[in-house]
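Here the protein sequences line up with chains B and Z, keeping their order.
When we follow our numbering, the leftmost residue of the first sequence carries the number 220, and every step to the right adds one.
When we follow our numbering, the leftmost residue of the second sequence carries the number 220, and every step to the right adds one.
Please read the structure below before turning to the comments.
Number of protein chains: 2
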Amino acid sequence: MREHVTPERRRGTVRDLRRDNRSVLLWSLYFDQPCTRQELSRATGLSPASVSNVVRELIEEGVVAEAGAVDSDGGRPRVLLRMNSDYGYVIGVDVGETRVRVELFDLAMNERARADFPLDPREHGVTTIVERILEGLSAVLSDADVDASSVLGVGIGVPGVVEQGDEVLVHGQTYGWEGVPLERLLRAGTDLPLHIDNGANTMGRAEMWFGAGQGAQHAVVCLIGSGVGASIIAHGRTHRGSTSSAGEWGHTTIVVGGRGCRCGSAGCLEAYVGAEAVLDRYGRIPGQDEESALAALLDAATRGQEEAAHVLDETALYLGVGLADLINLFNPERIILGGWAGLLLGERLLPAIRDAARRNSLKHAFSETSIELGRLGPEAVALGAATLPIELFLNGAPLSVTDRHRSAG
Amino acid sequence: MREHVTPERRRGTVRDLRRDNRSVLLWSLYFDQPCTRQELSRATGLSPASVSNVVRELIEEGVVAEAGAVDSDGGRPRVLLRMNSDYGYVIGVDVGETRVRVELFDLAMNERARADFPLDPREHGVTTIVERILEGLSAVLSDADVDASSVLGVGIGVPGVVEQGDEVLVHGQTYGWEGVPLERLLRAGTDLPLHIDNGANTMGRAEMWFGAGQGAQHAVVCLIGSGVGASIIAHGRTHRGSTSSAGEWGHTTIVVGGRGCRCGSAGCLEAYVGAEAVLDRYGRIPGQDEESALAALLDAATRGQEEAAHVLDETALYLGVGLADLINLFNPERIILGGWAGLLLGERLLPAIRDAARRNSLKHAFSETSIELGRLGPEAVALGAATLPIELFLNGAPLSVTDRHRSAG
DNA sequence: AGGGCTTAATTAATGACGTGATTTAACCTC
DNA sequence: GAGGTTAAATCACGTCATTAATTAAGCCCT
């Protein structure tokens, strides 16, 4: 009925209380920089005295720094506080279908270095990927002149289902991966704390933290690329389900007995609105580059070509139906359309999609949902992955590696 | 990003810590009665000393009582603890399509009194319902000889969407209710704390607390009656979404351009697997009693009547598809089939339903989900509603009415 | 029967924490 | 530069959970 009480991370002692308060303070400051102690007090509900105490601690640790003061009109000026963005760094990795990208950010999520490795489409072997990632890690560290000991963690977004557990396993349909122990394999080449998650989820995180999802508590971020996925956010947190494979929106059935899908089933949403499926329904020659083919399709429709327009109209309908299902089931306050194909299609079809969603969902829920395009582009997978260690840090996780950093530095 | 810090109910002071620990202890004891202080200490992670202290407090308040001891083998015997089931009472109300039922329970959820009011199918006026509920409240109180001041609260399960907010509004499609301020209307006739929720949700709660959902963290309880609904449980808590209309599984589209649905859309799940729809597809004469008609259909299929068997086969397929969607999206560890029609159909079709769900969902997620029948029957709506005030109580809610009870009693 | 043993529960001592009240700091205006 | 004003730090206090020590309440064996 209740989440099991984890013995390692109890909340029940006075010390846990402090950790929680510290965490609340950090979250508040992180998303509202710079701000004053007073504002923090109001925002968190903690007394000014406690804010003072905790902030002093944070400043001593170097996590927070003072940053000037606001002008006063007759009293002691309020001191502005900000995160010390050089306190630590995080790395985000985007393991995509066509490349591996590694980016290093500071605490404020400014990009400090990047490494890109194009992938041969036929070369999705685990060993290759692992090599590229490790190569990327050391590349960004040396490029940004950052010591590994000051890296809070590495977030990795991969395509496919990520089974969290004692041993993190990746089931990548697209890659032909089945139960790949990615963490263990990487562990051989690095000591950095690793956080592996589905790419749709990491991208969703990016939109929630810095993009179209800001401020929303309940949202769904839909990823439409060659295939279709989604990240479900409930109460501000990614819903992973019992074995962290939630969000497989693309294989939701919208037409019983419909078009065959690469998952083996039929009538899946992905068999209608994924880029591959859209192009397929249009009758293009397979093998061509999908991105330019879809652009060409959109172009043809704009020029009045009837069949193209028809395919797009249908796509808007199917997509709208898919969104309507999400609205009915989750009642999110926001739905965000992302992924390269989603953005391309959405730009043109958003009104039609909205209308289809309206027609296929219940009035009350629909009226409380806004459907918007993502604001960060497909690049956001790595950014979102990098927020994984940031989240742990803000929650006051015991800093394993950073510990060393502190005592060593 | 984070749930907003509610100023009224802060968690940040040492006192809140005690309230939380007390709550953790109560939950543990409630679902594992009777048990000893030691067991509580192990289960909650609190030190034996703290358990002792809090338990002493609870015993002084009369919430908890000692109940004998376990035999020892050479030491002081452990004292057994249990909730004092007469400390307070709760009332559950089931506002159904054919009747209003009011039940009074003690803290341990033993039924102490019940009142039933059949409803004329044409008489779903708000005034009538309100009258019946109020009548039921005083009836069960006097029948069980319980004073209103010792009632912790009243949970009410209604058909239709319940919009929680400053003013609770009920949108009942079936009743033709639109934005009915049920709480305010009842408030005129009673001072008891009221908790209004969708009947599917309250029934889901009952299964989670006492039925087939016990122990699950992520589950979906599917309600199939004349129509179709669901209650989504994530992390052990009902997912309500941003305006508490989540769980409208019945109006999820499974066939784009399919059968018309009473919601105005087409191809909804409800248009295929709700009792009304199943009977419709079978071609029965409308107006007949649904429960017996469905029983007759099942009977006919058993006797080998081909058309009946065909309709049922199709139903299993559609239902399986609907379940597969839930599995793909939520990755629950358990799916529970309830509602009078769900139980009737499930009894016969469960293997076929499971198979259809398997064929239409992703392997990994399906393999981790069990699909079971509800264990409590359709009677559970009131029981689940009554758990609403229980939950608040276990969470250590400030007892508004009970306050009076304490100081007066 | 009663001493010794074993285990449960309570109590005492300690340290950590948040809060409100008080004091100090920092700046403005006249 | 004095008086006023607001921010931040400090202090005194009460609360809490924890560990360690103590007391309670049974066994078992002679």
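Cβ coordinates follow ideal geometry from the N, Cα and C atoms, glycine included.
Residue pairing by DSSP puts Z/N417 in a beta bridge opposite Z/V377. Contact between B/V475 and Z/Y501 is ruled out by a C-beta separation of about 18 Å, above the 8 Å threshold. Around the Cβ of B/E285, a 10 Å sphere holds fewer than 16 other Cβ atoms; the residue is exposed. Less than 8 Å divides the Cβ of B/P551 from the Cβ of Z/S461. Here the alpha carbons of B/Y394 and B/E342 stand approximately 9 Å from one another. Look at B/R318 here: in three-state DSSP terms it is strand.
Taking a C-beta cut-off of 9 Å against chain Z, the contacting residues of the segment 478-493 of chain B are C482, G483, S484, A485, G486, C487 and Y491, listed in chain order.
The Cβ atoms of Z/I554 and Z/A438 sit closer than 8 Å to each other.
Distance from the CA of B/P253 to the CA of B/L244, rounded to the nearest whole angstrom, comes to 13 Å.
In the structure shown, the three-state DSSP call for Z/L323 is strand. Scanning its chain for C-beta atoms nearer than 6 Å, with the 5 sequence neighbours on each side dropped, one finds around B/R478 the residues A490, in chain order.
B/R500: member of the alpha helix (DSSP H) spanning A494 to Y501, first to last residue. Z/G315 is positioned such that its CB atom lies closer than 8 Å to that of Z/V600. Fully contained in the segment 221-290 of chain Z are the following alpha helix (DSSP H) runs of length 4 or more, in chain order: 233-249, 256-263 and 267-280.
Nearest neighbour of B/I572 by Cα position, chosen from B/W468, B/S304 and B/E591, turns out to be B/E591.
Against chain Z, a Cβ distance below 7 Å from B/R578 picks out S484. The Cβ of B/V474 sits closer than 8 Å to at least one Cβ of chain Z. In the DSSP annotation of this structure, the continuous segment of the beta strand (DSSP E) that includes Z/G448 starts and ends at V447 to A453.
In the structure shown, Z/P570 adopts helical secondary structure according to DSSP, grouped into three states. Residues of chain Z whose Cβ lies closer than 7 Å to the Cβ of B/A465 are, in chain order, L548, F549 and N550. Assignment of Z/G344 by DSSP, reduced to helix, strand and coil, places it in the coil class. Contact of Z/N240 with chain B by beta-carbon distance below 7 Å involves G231. Cβ-Cβ distances below 6 Å link B/N417 to V381 in the same chain, with the five nearest sequence neighbours on each side left out; the list follows chain order.
Looking at the backbone, the Cα of B/G374 and that of B/R503 are separated by about 37 Å. With a cutoff of 8 Å on beta-carbon distance, B/G430 and B/A449 are scored as not near each other. In its chain, beyond the 5 residues on either side, M302 and L613 have a beta carbon closer than 7 Å to the beta carbon of Z/Y249. Nearest in C-alpha terms to B/D339, of all of B/R297, B/T347 and B/Q392, is B/T347. Of all C-beta pairs linking the segment 390-408 of chain Z to the segment 511-524 of chain Z, fewer than three are shorter than 8 Å, placing the two stretches out of contact. By the criterion of a C-beta distance shorter than 7 Å, Z/R403 is surrounded in its chain by E386, once the five residues flanking it on both sides are discounted. In the same chain as B/T534, and ignoring 5 residues on each side of it, the C-beta atoms closer than 6 Å to its own belong to V492 and V497, in chain order. For B/L299, the enclosing beta strand (DSSP E) starts and ends at V298 to M302. With respect to chain B, the C-beta atom of Z/A268 has no partner C-beta closer than 8 Å. For the segment 552-620 of chain B, the full-length alpha helix (DSSP H) segments reaching 4 residues or more read 559-579, 582-586 and 599-613 along the chain.
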